[in-house]
Amino acid sequence: MVIWSEALPETREELEFFDHEKQREIEEALEARRREEEDSRAEAERLEAQERERIRMNEEKQAEAKQQLRETEKQKALVSKLLKEYGL
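Here it is, written out as structure tokens:
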């Protein structure tokens, strides 16, 4: 059995090296996770923007369709009135 009263300088250097490497790995993992979260948020924002644009376009199309329907109804009423006036 061997008992040291003090760690060898090489052992301290190795421990410091491994502690440093461990900390670096942790920092890299945290940075990777932060990037993934940012990418996820950016993707979610992009999808929300696409959905808002799709809704806006659908609303515009509905408004155009309603306007066309009103114009068609006006034209039908005019044609009906003219047909009645001329007895057709």
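Quick note: the sequence shown uses our numbering, first residue 7, plus one each step.
Beta carbons are placed, not taken as given, at the ideal position from N, Cα and C, and that holds for glycine.
Remember, predicted model here, so these are calculated numbers, not experimental data.
Item to check | Residue range of the unbroken alpha helix (DSSP H) whose run includes L36 | outcome: According to the DSSP assignment, L36 belongs to the alpha helix (DSSP H) that extends over P15 to E91.
Next on the checklist: For R18 and R58, I'd like the C-alpha separation in whole angstroms.
Outcome noted: 59 Å
Checklist entry - In angstroms, rounded to a whole number, what distance separates the CA positions of R41 and Q74? => result Here the alpha carbons of Q74 and R41 stand approximately 49 Å from one another.
Item to check | Rounded C-alpha distance that separates S46 from I32 | outcome: 21 Å
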